[in-house]
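K.L.:
Which chain is which? The protein sequence lines are A and B, in order. This note's numbering runs 1046 ahead of the 1-based position in the first sequence. This note's numbering runs 10 ahead of the 1-based position in the second sequence. Let me give you the structure first, and then I'll get to my questions.
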Amino acid sequence: MIDLLGYGGFFLSTALIFGLIALGLNLQWGLTGLFNVGIAGFVAIGAYSSAILTTPETVDRVGGFGWPIVAGWLAAAAITATAAAFTGYATLRLKSDYLAITTFGVAVVVQLVALNAQSLTGGPFGVAFIPRPFASVQDQSVLFNLSNLGVIAAVTLAVYLALERLSRSPWGRVLRALREDERAAIALGKSAQSYRVQAFAVGGAVMGLAGAVQAHFIGFIAPDNYLPTLTFQVWAMLMVGGSGSNRGALLGAIVVWAIWVGSGSVTAALVPADLQARAASLQIVAIGVMLCLILLWRPQGFFGSGRSPK
Amino acid sequence: MSLQFLLDGLIAGSMIGLGAIGVTLTYSILRFSNFAHGDFMAWGAYAALAVVGALGGSTPIAPLSFGWPLLAAMVVAMGLTALLALVLDALLFGRLRARGQSIIVVMASFGASMALRSLLEFMFTSSPTYFSRAIQMATPIGFGVRITADQVALLILTLALVTGMHLFMQRSQRGREMRAYSQNPALARVVGIDVAKVIRATWIIGAALACAAGVMVGVLVQIRPLMGLDLLLPIFAAAILGGIGSVPGAVLGGLIIGLSEAAAVQFVGAEWRAAVAFVILMAVLLVRPMGLYGVAER
């Protein structure tokens, strides 16, 4: 029972971190219609930024800044926002496909830097000893997991409320107007490119923050955490939840993560060990097919009642 | 200093160029960037591998590592890959395109790409395979450059395919229709161009050339489910660098990317190879987004 509680806390924490990423994506895609296929890259930028700024000094890596965790989180959000703003600035005056291609490239390059710039990122071994909130109760796993869940839930709630407020603000209305009828919005004197860059940067900041929160929750990061599968999972979450709705993004994250973990443990229990890798790829096939079916039959998602973005 | 990297870049670049032709045509005619294009390469290579296996072994043609079965298999696989593209279009892309939301089609191609790639991993595992494990002797041709018979054969094949494509686009009726449709879809419809046939031709050409490129990567390097994903960024960068819609531009873009990658391997370090395409892509987008042969967007 106690174990179950601890595991429940761990599961929900992970799901909420995915939910945070999905919230960032919802601002970019659901509200503004910007297609980001480099989510893993932006999450990684946030995770590595915070990890490098907060970890104690190590021999063969830049670091030893020893910042407090919260400062690391804020810096992660700021750095990721800058990276996203630059990506947006370079591509958003062009066709929307160019943003997609460039974000794909961002993810490739971030992965490359994480693997190869050993003196910055620790290379394939990653960054360890990232300070964890409530590290003093690390031995009591239930207490530790639940108090971390509290922190993560608080961060998620704060971001959720901020985004809800933002999307109802005049700023959010301009984004929706640009999405629905770009010419009309431009005719009203709103600069399409500048608003889109802002939305992309704010969405990026949320993704970076999510990456940082996860890095500090687990205490260790490595390049393998940020493969294209992550991008893909978050897209599935937002599409299941219904793009355009922040609540849908959170619900979608919890549902898809439950399906993912559930089907993973079913295959682990039923499939012989030598076939596990194959079963895992079948899991991704299933999610890919599901994403396509949702696009075909229910583009508004299962929880969102809002309209699908154009 | 050895000039070998120039030859390596030329060969890698011609494979990127073959892939980029498909991307540039899909983009200019179907109006979306197909993230599943790299996976057509991988599926083509595995299809050829399966057909070669079914045909059974035979002795390779004298200096080459492969014989007629591989060439026959490549033709069959090109047909199969084209079929795969047509089926995907009928089931997925075509339906979404009919709704007129091009970015949704891009997203669907992203989902399809993930599913296609993982399906390959499921069927063939993620470990690499080869058409042939024979070691080829490289012949020196001066300036410290060595070339294998396979490389010569595949360069000739690429040249033939690209020339054929160029003639098709410039001289044949269907090619003219494709160019007309990419420049002005509404006007093309008015003058009675059969849009369904143009779309079909685009998929067949793009998928067949992707398959050819995949088989070549398989012959010269190795076959892996992820081979298409790894080539996707260079291919997109080549298509944009050459100018969307331009077949010669795509090939030239491919060669430039291939040569720059080889130069980066030579002078910077092999681990940074994959970043080259991104750097070139960003430079093109910031300086000349229409690319080398592109026309300004209207």
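Every residue gets a Cβ at the ideal spot worked out from N, C-alpha and C, and that includes glycine.
Three or more beta-carbon pairs under 8 Å between the region 227-236 of chain B and the region 106-122 of chain B, yes or no?
P.N.:
Contact between the region 227-236 of chain B and the region 106-122 of chain B is absent, because fewer than three Cβ pairs lie under 8 Å.
K.L.:
Tell me the DSSP bridge mates of Thr149 (chain B)?
P.N.:
Per DSSP, B:Ile157.
K.L.:
What's the gap between the Cα of Pro138 (chain B) and the Cα of Glu131 (chain B)?
P.N.:
The alpha-carbon atoms of Pro138 (chain B) and Glu131 (chain B) are separated by roughly 10 Å.
K.L.:
Using DSSP with H/G/I as helix, E/B as strand and the rest coil, what is Arg1107 (chain A)?
P.N.:
Three-state result, Arg1107 (chain A): strand.
K.L.:
Buried or exposed: Pro299 (chain B), going by 16 or more other Cβ atoms within 10 Å of its Cβ?
P.N.:
With 16 or more other Cβ atoms within 10 Å, it is buried.
K.L.:
Under a CB-based cut-off of 8 Å, is Ala1136 (chain A) close to chain B?
P.N.:
Answer yes: the Cβ-Cβ gap between Ala1136 (chain A) and chain B drops below 8 Å somewhere.
K.L.:
Output needed in chain order: residues of the region 1154-1165 of chain A with a Cβ under 7 Å from some Cβ in chain B.
P.N.:
Residues passing the 7 Å Cβ filter: Val1154, Val1155, Leu1158, Asn1162.
K.L.:
Relative to the C-alpha of Gly259 (chain B), which residue among B:Gln14, B:Thr34, B:Phe15, B:Ser12 is closest?
P.N.:
Selected option, being the one with the closest Cα: B:Thr34.
K.L.:
Would you mind telling me which residues of chain A sit closer than 7 Å to Met124 (chain B), beta carbon to beta carbon, in chain order?
P.N.:
Residues of chain A passing the Cβ test: Phe1278, Ile1330, Gly1334.
K.L.:
What residue range does the alpha helix (DSSP H) around Gly1070 (chain A) cover?
P.N.:
Element bounds for Gly1070 (chain A): 1048-1071.
K.L.:
Would you say Ala273 (chain B) lies against chain A (beta-carbon separation less than 8 Å)?
P.N.:
So, not an interface residue.
K.L.:
Do Thr1128 (chain A) and Ile1115 (chain A) come within 8 Å of each other at the CB atom, strictly closer than that value?
P.N.:
Against a cut-off of 8 Å, the Cβ pair of Thr1128 (chain A) and Ile1115 (chain A) comes out as no contact.
K.L.:
Would you say Asp1143 (chain A) faces chain B, with C-beta separation under 8 Å as the test?
P.N.:
At least one chain B Cβ lies under 8 Å of Asp1143 (chain A).
K.L.:
Leaving out five residues before and five after Ile250 (chain B) in sequence, what residues of the same chain have Cβ atoms less than 6 Å from its Cβ?
P.N.:
Excluding sequence neighbours, Ile250 (chain B) sits near Val294, Gly301.
K.L.:
Roughly how many angstroms lie between the CA atoms of Gly1107 (chain A) and Phe1088 (chain A), to the nearest whole one?
P.N.:
Here residue 1107 (chain A) turns out to be Arg, not Gly, going by the sequence shown. Between Arg1107 (chain A) and Phe1088 (chain A), the C-alpha separation is close to 21 Å.
K.L.:
In the DSSP assignment, find the unbroken alpha helix (DSSP H) run with Pro138 (chain B) in it and report its ends.
P.N.:
That residue, Pro138 (chain B), is in no alpha helix (DSSP H); it is neither H nor E in DSSP.
K.L.:
Determine the direct distance from the alpha carbon of Thr149 (chain B) to that of Ser75 (chain B), and round the result to whole angstroms.
P.N.:
Straight-line Cα distance between these residues: approximately 14 Å.
K.L.:
Applying the 10 Å Cβ sphere with the 16-neighbour rule, what's the burial state of Phe45 (chain B)?
P.N.:
Buried.
K.L.:
Could you tell me whether any non-hydrogen atom of the ligand SAH is closer than 7 Å to the CB of Val1259 (chain A)?
P.N.:
Annotation note on the ligand SAH: not contained in the displayed structure, which lists no ligands.
K.L.:
Under 8 Å between C-beta atoms, does Glu187 (chain B) make it to chain A?
P.N.:
So, not an interface residue.
K.L.:
What number of angstroms, rounded off, separates the C-alpha of Arg1353 (chain A) from the C-alpha of Gly1290 (chain A)?
P.N.:
Reliability fails at Arg1353 (chain A), whose pLDDT of 49 lies under 50, so the model's placement of it is uncertain and no value is given.
K.L.:
Just the Cα atoms here: how many angstroms apart are Leu296 (chain B) and Ala1130 (chain A)?
P.N.:
Rounded to whole angstroms, Leu296 (chain B) to Ala1130 (chain A) spans 15 Å at the Cα level.
K.L.:
Would you decide whether Ala1061 (chain A) is buried or exposed? Buried here means 16 or more other CB atoms lie within 10 Å of its CB.
P.N.:
Ala1061 (chain A) should be labelled buried.
K.L.:
For a contact defined as C-beta to C-beta under 8 Å, what are the partners of Arg1229 (chain A) on chain C?
P.N.:
Of the protein chains in the structure, A and B, none is chain C.
K.L.:
So, with DSSP's three-state summary, where would you put Ile71 (chain B)?
P.N.:
Here Ile71 (chain B) sits in coil by DSSP.
K.L.:
Does any CB atom of chain A fall closer than 8 Å to the CB of Leu243 (chain B)?
P.N.:
So yes, Leu243 (chain B) belongs to the interface.
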